[in-house]
Amino acid sequence: MKLRALLLCTLLGWQATAAAGDIIGARPLGMAGSYRGIASSNDAIFFNPAGMSLFRRYALELQYLLVPDYAAKGAADQHAVQVSVVDNQIQYFATGLAYTRVERGDDKSGNRYDMAFSVPLTEGLLIGTDIKYLDFEREGRADVNAVSVDVGMLLHTAFGLNIGVVGYNLTNTADYLEHPISMGLGVMYSPFRTLELSFDWTVNFQKLADIDDPTGEKGTGHAFSFGAEYLLFGQITLRAGYRIDRSQPTGNEQYWAVGAGYISPTFAFDFGYRGAVGHSDWGNHFGFGMRLFL
Numbered sequence: 181m182k183l184r185a186l187l188l189c190t191l192l193g194w195q196a197t198a199a200a201g202d203i204i205g206a207r208p209l210g211m212a213g214s215y216r217g218i219a220s221s222n223d224a225i226f227f228n229p230a231g232m233s234l235f236r237r238y239a240l241e242l243q244y245l246l247v248p249d250y251a252a253k254g255a256a257d258q259h260a261v262q263v264s265v266v267d268n269q270i271q272y273f274a275t276g277l278a279y280t281r282v283e284r285g286d287d288k289s290g291n292r293y294d295m296a297f298s299v300p301l302t303e304g305l306l307i308g309t310d311i312k313y314l315d316f317e318r319e320g321r322a323d324v325n326a327v328s329v330d331v332g333m334l335l336h337t338a339f340g341l342n343i344g345v346v347g348y349n350l351t352n353t354a355d356y357l358e359h360p361i362s363m364g365l366g367v368m369y370s371p372f373r374t375l376e377l378s379f380d381w382t383v384n385f386q387k388l389a390d391i392d393d394p395t396g397e398k399g400t401g402h403a404f405s406f407g408a409e410y411l412l413f414g415q416i417t418l419r420a421g422y423r424i425d426r427s428q429p430t431g432n433e434q435y436w437a438v439g440a441g442y443i444s445p446t447f448a449f450d451f452g453y454r455g456a457v458g459h460s461d462w463g464n465h466f467g468f469g470m471r472l473f474l
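Here's what the structure looks like:
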């Protein structure tokens, strides 16, 4: 029973970040993770590395994610801190580096290291890859010590439509709970410069058939996210999103999200919140981010 509870805790938490990684930044958090077709900040490293080449920049970001009562009332809180940098200021060949630290009581602790690259194949067609090293200790389950690769592509059009496709954990990590082989498809449409509407579809190709057997039979699960971001007065960003998650053996989980931020030519602040439709007294996500444009 204790093992089952631990697995359930992990699955419920994993649904928050989906295939993006061990932490979700404040900006995509406020859009319920519907970000693969946008991918215009350092979160592109984890959602769609091709997006790092969208425009020239040198950006430093610091993200903090707090999840009180991570998977049940009275459970351990989760704290995750991430620092990242993306550099393509001189040329469109972009490089991204990131470090993530996760602490969740005795259930999970450890580090993640990312090194990402992207380049435009043609004008408007970008490709990218993220190489990541996972090093986590976990109670009641095997520790994770693995290297894996994500590969993404982004089509950026002149009429406001972006289409992104990403494959995650393409070298099997053997961690089917939190880092399964999966895929994401993202579409973003911007009818005018201050509004972005996004839709993401993610597929988990290693969905566990039995939560009590994390190495047993696997199937395919799906999740759908919808998000919007609006720029008000040229400096204030407002965000909202909704996620329907059927990618885990826990069944149909649904989440709503909101976010806000302030952006200037040299820095930005972001806040994101995600709550579950089925419960409100545990597992809520609070994300805080700071971005510097150098």
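Just so we're aligned, residue 181 is where the sequence shown starts under the working numbering, counting upward by one.
Note that the Cβ used here is the ideal one computed from N, Cα and C, for glycine as well.
Practice problem: Measure the alpha-carbon distance for Trp462 versus Arg454 and round it to whole angstroms. | Solution: Position 282 of the sequence shown holds residue 462. Position 274 of the sequence shown holds residue 454. Cα-Cα distance, rounded: 11 Å.
Self-check item: Best match in Glu319, Asp287, Gly290 and Tyr272 for proximity to Phe297 [C-alpha to C-alpha]
Solution: Here residue 297 is taken as the residue at index 117 of the sequence shown, counted from 1. Checked all of Glu319, Asp287, Gly290 and Tyr272; the closest Cα to Phe297 is Tyr272.
Self-check item: Any 3 or more C-beta pairs closer than 8 Å across the region 276 to 291 and the region 328 to 340
Solution: no
Exercise. Just tell me which of Asn325, Ile307 and Ile443 has its CA closest to the CA of Ile416.
Key: Translated into the one-based positions of the sequence shown, residue 416 becomes position 236. When only C-alpha atoms are compared, the closest one is Ile443.
Exercise. Below 7 Å CB to CB, which residues in the same chain sit around Leu412 once its five sequence neighbours on both sides are set aside?
Key: Stepping through the sequence shown from its first residue, residue 412 is reached at position 232. Only Leu418 meet the Cβ criterion.
Quiz prompt | Coil, strand or helix - Leu418 by DSSP | solution = As a working mapping, residue 418 is identified with position 238 in the sequence shown. Leu418: strand per DSSP, three-state reduction.
Quiz item: Quick one: what does DSSP say Ile343 is sitting in, helix, strand or coil?
Solution: For the purposes of this step, residue 343 is identified with residue 163 of the sequence shown, where counting begins at 1. Looking at Ile343 - three-state DSSP - the assignment turns out to be strand.
Exercise. Quick one: using the 10 Å Cβ neighbour count with 16 as the cut-off for buried, is Gly469 buried or exposed?
Key: Working through the sequence shown from its first residue, we reach residue 469 at position 289. Buried is the call here.
Quiz prompt | 7 Å Cβ shell around Gly414 - same chain, five flanking residues per side excluded | solution = Within the sequence shown, residue 414 is the residue found at index 234, counting from 1. Hits under 7 Å: none found.
Exercise. Enumerate in chain order the residues of its own chain whose CB-to-CB distance from Thr353 is below 6 Å, with the five nearest sequence positions on each side excluded.
Key: Within the sequence shown, the letter at position 173 stands for residue 353. Taken in chain order, the residues that qualify are Ala326, Ser328 and His359.
Practice problem: Taking Phe385 and Ser362 to be in contact with their CB atoms under 8 Å, please state how far apart those CB atoms are, rounded to whole angstroms. | Solution: In the sequence shown, the residue the question calls residue 385 occupies position 205. In the sequence shown, the residue the question calls residue 362 occupies position 182. That belief holds up - the Cβ atoms of Phe385 and Ser362 are roughly 6 Å apart, short of 8 Å.
Quiz item: Going by other Cβ atoms of all chains shown within 10 Å of its Cβ, with 16 needed for buried, is Val282 buried or exposed?
Solution: Taking the first residue of the sequence shown as 1, we reach residue 282 at position 102. Classification of Val282: buried, given that the 10 Å Cβ count is 16 or more.
Quiz item: So Arg207 is in the beta strand (DSSP E); what residue range does that whole segment cover?
Solution: For this step, residue 207 is matched to residue 27 along the sequence shown. Looking at the DSSP string, Arg207 is not in any beta strand (DSSP E); the run it does join, the alpha helix (DSSP H), is Ala206 to Leu209.
Practice problem: For Met333, write down the residues that DSSP places opposite it in a beta bridge. | Solution: Mapped onto the sequence shown, residue 333 falls at position 153. Answer is Ile307 and Val345, bridged to Met333.
Practice problem: Would you kindly report the start and end of the unbroken alpha helix (DSSP H) that includes Phe226? | Solution: Residue numbering aside, residue 226 sits at position 46 when the sequence shown is read from its first letter. Run containing Phe226: Ala224 to Phe227, per the alpha helix (DSSP H) assignment.
Practice problem: Taking the CB atoms as reference points, tell me whether Thr449 and Gly458 lie closer together than 7 Å. | Solution: For this step, residue 449 is matched to residue 269 along the sequence shown. For this step, residue 458 is matched to residue 278 along the sequence shown. According to the sequence shown, residue 449 is Phe rather than Thr. No. Outside cutoff.
Quiz prompt | Close beta carbons around Phe350, own chain, < 8 Å, minus the five adjacent residues each side | solution = Working through the sequence shown from its first residue, we reach residue 350 at position 170. Checking the sequence, you will find Leu at residue 350 rather than Phe. Correct list, in chain order: Ser328, Val329, Asp330, Val331 and Ile361.
Practice problem: Give the straight-line distance between the Cα atoms of Asp392 and Asp355, rounded to the nearest whole angstrom. | Solution: Position 212 of the sequence shown, counted from the start, is the residue given in the question as residue 392. Position 175 of the sequence shown, counted from the start, is the residue given in the question as residue 355. Cα to Cα, the separation comes out at about 14 Å.
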